[in-house]
Amino acid sequence: MRVIGVIRKSRRERVSREEFEELLRSAGYEVLAIVEQVRDEHPRYNIGPGKLEEIKKLIEELKPDKVVFANRLTPSQAYNLWKELKIDIIDKWQLVLEIFEKRAHSKEAKLQVELANLQYELPLVKEAIRRIKMGDRAGFKGMGEYQVHQYFKHIRYRMGKIREELEKIRAEREIRRKKREEEGFVLVALAGYTNAGKSTLLNALTGESIEAKNQMFTTLDTTTRRFKVNGKMLLITDTVGFIDNLPPFIVEAFHSTLEEIVKADIIVLVLDASEPWPEIRRKFFASLDVLRELKALDRPMIVALNKIDLIPREDTEEKALLLRELVNGRANLIDVVKISAKEKRLEELYSAIEKAIVLSPKFQEFEITVKDPEKVGKVIAMIHSVGELLDVDYGEGARIRAYIQTGMIRHLTKLGVEVKRVA
Numbered sequence: 001m002r003v004i005g006v007i008r009k010s011r012r013e014r015v016s017r018e019e020f021e022e023l024l025r026s027a028g029y030e031v032l033a034i035v036e037q038v039r040d041e042h043p044r045y046n047i048g049p050g051k052l053e054e055i056k057k058l059i060e061e062l063k064p065d066k067v068v069f070a071n072r073l074t075p076s077q078a079y080n081l082w083k084e085l086k087i088d089i090i091d092k093w094q095l096v097l098e099i100f101e102k103r104a105h106s107k108e109a110k111l112q113v114e115l116a117n118l119q120y121e122l123p124l125v126k127e128a129i130r131r132i133k134m135g136d137r138a139g140f141k142g143m144g145e146y147q148v149h150q151y152f153k154h155i156r157y158r159m160g161k162i163r164e165e166l167e168k169i170r171a172e173r174e175i176r177r178k179k180r181e182e183e184g185f186v187l188v189a190l191a192g193y194t195n196a197g198k199s200t201l202l203n204a205l206t207g208e209s210i211e212a213k214n215q216m217f218t219t220l221d222t223t224t225r226r227f228k229v230n231g232k233m234l235l236i237t238d239t240v241g242f243i244d245n246l247p248p249f250i251v252e253a254f255h256s257t258l259e260e261i262v263k264a265d266i267i268v269l270v271l272d273a274s275e276p277w278p279e280i281r282r283k284f285f286a287s288l289d290v291l292r293e294l295k296a297l298d299r300p301m302i303v304a305l306n307k308i309d310l311i312p313r314e315d316t317e318e319k320a321l322l323l324r325e326l327v328n329g330r331a332n333l334i335d336v337v338k339i340s341a342k343e344k345r346l347e348e349l350y351s352a353i354e355k356a357i358v359l360s361p362k363f364q365e366f367e368i369t370v371k372d373p374e375k376v377g378k379v380i381a382m383i384h385s386v387g388e389l390l391d392v393d394y395g396e397g398a399r400i401r402a403y404i405q406t407g408m409i410r411h412l413t414k415l416g417v418e419v420k421r422v423a
């Protein structure tokens, strides 16, 4: 499908042409032209009337299937533009939702995308009803008056049903989360801007082969896997990527997925080190905005500068230094680390996670006394599966020092061993 893209820039709105073009490509569009304008928002058309005439001429010349705006359009602006241009009009968030529809695989992801689409359509249908009442027979998507009213009722009903289904899925996830809590697992959440390399990092840490492509919004489904850091077993979760000015209706629709970040013990915020510093800075603040909205800034955070294999070392060091200054006071920072998920250069990340684990009440040093010699091997195997063995003093049985998850205490005591926290 062939499109013309439209970007309006102003002091109030951050719009990246490169990102907009990447979104269009990710949605599978052929970009015929990009029209740009620098001005404040026009209340009727978003862009100025002169630029509107320029787009009319381009439509006649290039014959696109659609015009896509990089700016958020109000329902009345979308209607006015459609009336003037006589062509399908969508904005950035409809474009993002189109990409989401292509990437959604699980039942939950499909329901979340459908809910976000309906939440987006609701004000458009309200605008159509308002215009019908004013005597304008434009309708909505070619519908007549009766059809528009019926569709409005259908949207409200369907949104209610989807929320009920998502609440059931959320309740099931909460049961799994509580079980992890009881076991004492430390949960690490990968967060960050779309296409920063989160899925590649999850694969590098866990040895999995989750789909990871150089495109926007590859991951919509929440993925949780186990991995070890110096013998300590942890869980890591990959979540949907962020984007600048993520609207509330998308945050609400994907709340149950993004909630994994809020519940995490450690957040790893992944940024693409290969991008120019202004882009890294912009994406850092965009990610911070989402984390603030989720009320997750109190979580211990590790900022991971990924893709360092693509840039010189001095460039990497400079960006890491700038990020430390930028993060200072804005989040509960553990460290800024330099990594390459593709080449599995993760030493700094492992060290930072170790620092964060020390601060977590879920991992503590314990002294375990095993009096029955036959149980020593089983106890040591259990410790190796989830924790870090520090020392073993063999006698008739064994006295063991180890870092273990607090949730393992009840499993150990069932074996009839003594467990004492080391002060």
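Numbering of the sequence shown is given in full-length UniProt numbering, commencing with residue 1 and proceeding in unit increments. By construction, the Cβ of each residue, glycine as well, lies at the ideal position given by its N, Cα and C atoms.
Anticipated Cβ contact below 8 Å, residue i with residue j, distance rounded
{"i": "residue 235", "j": "residue 180", "result": "6 Å"}
{"i": "residue 36", "j": "residue 7", "result": "5 Å"}
{"i": "residue 360", "j": "residue 186", "result": "6 Å"}
{"i": "residue 337", "j": "residue 349", "result": "5 Å"}
{"i": "residue 66", "j": "residue 90", "result": "6 Å"}
{"i": "residue 241", "j": "residue 195", "result": "7 Å"}
{"i": "residue 204", "j": "residue 98", "result": "So it is not a contact: roughly 30 Å between Cβ atoms."}
{"i": "residue 225", "j": "residue 202", "result": "7 Å"}
{"i": "residue 85", "j": "residue 55", "result": "7 Å"}
Selected residue, minimal CA-CA separation from residue i, among the options
{"i": "residue 188", "options": "352, 253, 20, 7", "result": "352"}
{"i": "residue 322", "options": "341, 250, 279", "result": "279"}
{"i": "residue 386", "options": "269, 303, 229", "result": "229"}
{"i": "residue 318", "options": "297, 288, 275, 293", "result": "275"}
{"i": "residue 199", "options": "151, 96, 307, 169", "result": "307"}
{"i": "residue 399", "options": "407, 120, 406, 373", "result": "373"}
{"i": "residue 4", "options": "273, 11, 17", "result": "17"}
{"i": "residue 80", "options": "99, 43, 110, 95", "result": "43"}
{"i": "residue 197", "options": "282, 88, 343, 62", "result": "343"}
{"i": "residue 388", "options": "231, 177, 57", "result": "231"}
Cα-Cα separation, residue i to residue j
{"i": "residue 244", "j": "residue 341", "result": "24 Å"}
{"i": "residue 325", "j": "residue 331", "result": "12 Å"}
{"i": "residue 354", "j": "residue 363", "result": "10 Å"}
{"i": "residue 45", "j": "residue 130", "result": "18 Å"}
{"i": "residue 395", "j": "residue 407", "result": "27 Å"}
{"i": "residue 10", "j": "residue 257", "result": "33 Å"}
{"i": "residue 40", "j": "residue 227", "result": "49 Å"}
{"i": "residue 424", "j": "residue 147", "result": "No statement about residue 424 is possible, as the shown extent of the chain runs from 1 to 423 and does not include it."}
{"i": "residue 378", "j": "residue 293", "result": "46 Å"}
{"i": "residue 184", "j": "residue 409", "result": "9 Å"}
{"i": "residue 24", "j": "residue 328", "result": "35 Å"}
{"i": "residue 93", "j": "residue 103", "result": "15 Å"}
{"i": "residue 77", "j": "residue 246", "result": "20 Å"}
{"i": "residue 172", "j": "residue 254", "result": "16 Å"}
{"i": "residue 299", "j": "residue 190", "result": "12 Å"}
{"i": "residue 393", "j": "residue 167", "result": "51 Å"}
{"i": "residue 29", "j": "residue 87", "result": "16 Å"}
{"i": "residue 289", "j": "residue 419", "result": "43 Å"}
{"i": "residue 416", "j": "residue 239", "result": "40 Å"}
{"i": "residue 47", "j": "residue 82", "result": "13 Å"}
{"i": "residue 62", "j": "residue 22", "result": "21 Å"}
{"i": "residue 283", "j": "residue 411", "result": "44 Å"}
{"i": "residue 295", "j": "residue 281", "result": "21 Å"}
{"i": "residue 178", "j": "residue 264", "result": "12 Å"}
{"i": "residue 248", "j": "residue 119", "result": "10 Å"}
CB contact flag (residue i, residue j, <7 Å)
{"i": "residue 222", "j": "residue 260", "result": "yes"}
{"i": "residue 122", "j": "residue 162", "result": "no"}
{"i": "residue 346", "j": "residue 339", "result": "yes"}
{"i": "residue 424", "j": "residue 267", "result": "The question about residue 424 has no answer here: the residues shown for the chain are numbered 1 through 423."}
{"i": "residue 75", "j": "residue 13", "result": "no"}
{"i": "residue 192", "j": "residue 106", "result": "no"}
{"i": "residue 70", "j": "residue 20", "result": "yes"}
{"i": "residue 95", "j": "residue 113", "result": "no"}
{"i": "residue 367", "j": "residue 313", "result": "no"}
{"i": "residue 380", "j": "residue 404", "result": "no"}
{"i": "residue 320", "j": "residue 270", "result": "no"}
{"i": "residue 169", "j": "residue 101", "result": "no"}
{"i": "residue 397", "j": "residue 422", "result": "no"}
{"i": "residue 111", "j": "residue 165", "result": "yes"}
{"i": "residue 316", "j": "residue 273", "result": "yes"}
Element boundaries [alpha helix (DSSP H), containing residue i]
{"i": "residue 285", "result": "277-293"}
{"i": "residue 318", "result": "313-327"}
{"i": "residue 229", "result": "Where residue 229 is concerned, there is no enclosing alpha helix (DSSP H), although the beta strand (DSSP E) it sits in stretches over 223-229."}
{"i": "residue 58", "result": "49-62"}
{"i": "residue 296", "result": "Segment: none, residue 296 is in no alpha helix (DSSP H) and carries neither H nor E."}
{"i": "residue 403", "result": "No alpha helix (DSSP H) contains residue 403, which is instead part of the beta strand (DSSP E) from 398-405."}
{"i": "residue 18", "result": "17-26"}
{"i": "residue 350", "result": "347-359"}
Endpoints, beta strand (DSSP E) assigned at residue i
{"i": "residue 304", "result": "301-306"}
{"i": "residue 192", "result": "186-192"}
{"i": "residue 33", "result": "30-38"}
{"i": "residue 86", "result": "Here residue 86 belongs to no beta strand (DSSP E), and DSSP marks it neither H nor E."}
{"i": "residue 233", "result": "232-238"}
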